[in-house]
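As numbered in our numbering, residues 12 to 274 make up the sequence shown, in order.
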Amino acid sequence: MVRLQMILSPAKTLNFDGHGVPFEARRPIGVETADALAEMLARESVGSLRDILSVSASIAQENKARYEEWTEAPKVPAILAYDGFAFDKLRGRHLSAESLEVAHSRLVVLSGLWGPVRALDWIKPYRLEMGCKKLPEPYKKLSLYWKETATRCVLDGFTAEPRLLLNVASDEYAAAVDLRGLKESGVQIIKADFTDAAGTRQPTVHLKYARGLLARYVIINDVDSLEALEGFDLEEYEHARTEGDRIVFKKGDPRTKRAKTSA
């Protein structure tokens with residue numbers, strides 16, 4: 012049964028080493044749009060791509076080559092291909108085959124190019140952020156373009172009641188899901204937040220790490236309820252409070268824990 016799912020932002024850093032993947036990746040639902048966007052971006056000059064993607068000349072050149080070679084590009088499951096801060100802590104390449112299947116049923120990564128991708132859906136190397144505002148219609152606002160598809164992907168993933176969506180995505184990417192519509196259809200939405208031992212919200216890099224840790228906890232424990240989610244305890248985190256549509260985890264002080272242990 013799947014009563015709990017998560018949405019997560021993608022990463023800019025990618026790893027397309029598919030060596031040792033113990034399964035066949037699945038076709039992403041947004042592949043036709045991804046192909047169309049790649050074809051369109053391949054026609055742009057390096058200078059134009061630099062402006063569209065808001066990147067350096069070298070990154071624009073890299074992605075120009077990616078889009079020009081799109082048809083023959085490698086395909087790797089999303090949970091293995093993304094390699095940024097959150098995915099470093101999620102540790103997809105260290106998950107068992109069973110946990111990878113759990114990840115596929117519970118995790119939706121929201122991509123500017125691919126739309127909603129589940130953990131074992133394949134992707135190709137790309138660069139296109141959800142917040143890009145320099146594409147022509149109908150892609151002018153990618154979060155709006157993908158909203159219906161991403162929302163349907165989440166709804167279709169639930170197989171039992173009560174339904175809970177854990178939001179560990181940034182606001183930029185979470186905007187691609189109709190959270191209000193999900194609430195109106197009876198889905199409980201809860202956003203995860205993280206603080207240090209003093210209760211101060213964690214800086215961005217630590218937030219990304221914590222989101223990946225929480226996603227890993229859900230996957231390896233096959234978490235399917237709010238109560239089980241509150242048991243998150245990786246890397247000294249502990250549940251601080253749940254209030255309304257927000258769940259907060261606090262980074263414990265390891266010195267305090269050692270003192271308690273030795274007492």
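The C-beta atom is built at its ideal place from N, Cα and C for all residues, glycine as well.
Considering only residues of the same chain and omitting the five flanking positions on each side of residue i, which have a CB-CB separation below 7 Å?
i       : result
Ile-200 : Leu-176, Asn-178, Leu-190, Leu-193, Lys-194, Asp-256
Thr-44  : Gly-126
Lys-100 : Tyr-220, Gly-223, Leu-224, Arg-227
Lys-271 : Unreliable placement is indicated for Lys-271, whose pLDDT of 40 sits below 50; the coordinate value is still reported in the next sentence. Hits under 7 Å: none found.
Glu-140 : Gly-123
Are residue i and residue j close, meaning C-beta to C-beta below 7 Å?
i       : j       : result
Tyr-220 : Phe-96  : yes
Asn-74  : Arg-138 : yes
Gly-142 : Val-87  : no
Ala-180 : Ser-65  : no
Lys-145 : Ile-63  : yes
Arg-163 : Val-198 : no
Phe-34  : Pro-85  : no
For the candidate residues the options, whose alpha-carbon lies nearest to that of residue i?
i       : options                           : result
Met-17  : Phe-169, Val-216, Val-259         : Phe-169
Ala-209 : Asp-132, Trp-157, Val-259, Ile-40 : Val-259
Tyr-93  : Ile-63, Lys-135, Tyr-156, Leu-60  : Lys-135
Ala-36  : Trp-133, Ser-196, Glu-172         : Trp-133
Ile-40  : Lys-202, Thr-160, Ala-171         : Thr-160
Glu-79  : Glu-254, Thr-24, Glu-50, Val-165  : Glu-50
Ser-196 : Ile-231, Pro-147, Asp-167         : Asp-167
Glu-247 : Leu-218, Asp-264, Leu-106         : Asp-264
Determine whether the Cβ of residue i lies closer than 7 Å to any Cβ atom of chain C.
i       : result
Arg-102 : The structure shown contains no chain C; it holds only a single protein chain.
With a threshold of 6 Å on Cβ separation, who are the neighbours of residue i within its own chain once the five nearest residues in sequence on each side are excluded?
i       : result
Ile-90  : Gly-103, Ala-114, Ala-130
Leu-240 : Val-234
Leu-48  : Leu-124
Tyr-150 : Tyr-156
Ser-116 : Val-13
Ile-231 : Ser-110
Buried or exposed: where does residue i fall if 16 or more other Cβ atoms within 10 Å of its Cβ makes it buried?
i       : result
Leu-155 : exposed
Phe-243 : buried
Val-216 : exposed
Ala-171 : exposed
Might you give, ordered along the chain, the residues of its own chain that have their beta carbon closer than 8 Å to the beta carbon of residue i, omitting 5 neighbours on each side?
i       : result
Thr-206 : Arg-212, Gln-213, Ala-251, Val-259, Phe-260, Lys-261, Lys-262
Ser-67  : Arg-61
Glu-254 : none
Next on the checklist: When you compare the segment 227-244 with the segment 13-27, are there three or more beta-carbon pairs, one atom per stretch, that lie closer than 8 Å?
Outcome noted: The answer is yes - the segment 13-27 touches the segment 227-244, with three or more Cβ pairs under 8 Å.
Item to check | Contact the segment 178-188 vs the segment 109-121: 3+ CB pairs below 8 Å | outcome: Contact check between the segment 178-188 and the segment 109-121: three or more CB pairs, one atom from each, fall below 8 Å, which counts as touching.
Next on the checklist: Tell me whether the segment 44-58 and the segment 101-118 touch, counting them as touching only if at least three CB pairs, one residue from each stretch, are closer than 8 Å.
Outcome noted: The segment 44-58 is not in contact with the segment 101-118.
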